[in-house]
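Remarks on the structure that follows.
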Amino acid sequence: MTALGEDVTAPRAREEKLKVTSSRLTTLLENLQAAVLVEDESHRAVLANQAFCDMFGLPFAPERLTGWAMPVIVDAIRGRFADGEG
């Protein structure tokens with residue numbers, strides 16, 4: 287209980303569960319042998335892994351892709367495809 291009488295047990299439990307889930311997802315992405323790039327409803331990158339950067343020759347950590355618009359990412363990797371069309 288807080289000083290105002292509000293029970294914070296449930297929100298704290300949800301927050302802890304979210305942290306555990308986030309940690310598991312991060313571990314999965316870091317160890318996955320497949321390239322992963324996730325975009326949001328605004329077509330911006332929200333998550334990528336090192337395998338994605340390695341596959342497309344991007345010389346930086348995957349965290350740098352966060353927030354990039356998908357057309358920018360497609361332009362950055364376009365030349366990595368055999369036909370150049372992406």
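Each residue of the sequence shown is one higher than the one before, starting from 287 at the first, in the working numbering. Here a beta-carbon is modelled for each residue, glycine too, at the ideal position from N, C-alpha and C.
Could you pull the DSSP bridge partners for residue i from this structure?
i       : result
Leu-323 : Ala-334
Ala-355 : Arg-330
CB residue i to CB residue j, shorter than 9 Å?
i       : j       : result
Asp-293 : Ala-321 : no
Lys-363 : Phe-342 : What sits at residue 363 in the sequence shown is Ile, not Lys. Yes, these two residues count as a Cβ contact at 9 Å.
If we ignore side chains and look at the alpha-carbon of each, how far apart do residue i and residue j end up?
i       : j       : result
Lys-303 : Glu-349 : 23 Å
Leu-315 : Thr-295 : 30 Å
Gly-450 : Arg-298 : Summary: the structure shown does not reach residue 450, with the chain confined to residues 287 through 372, and so no result is reported for it.
Val-360 : Leu-323 : 11 Å
Glu-325 : Phe-338 : 13 Å
Trp-354 : Arg-330 : 5 Å
Arg-300 : Phe-367 : 43 Å
Leu-318 : Pro-357 : 25 Å
Margin query: Between the region 301-308 and the region 322-341, can you find at least three pairs of beta-carbon atoms closer than 8 Å?
Written below: The answer is no - the region 301-308 does not touch the region 322-341, with fewer than three Cβ pairs under 8 Å.
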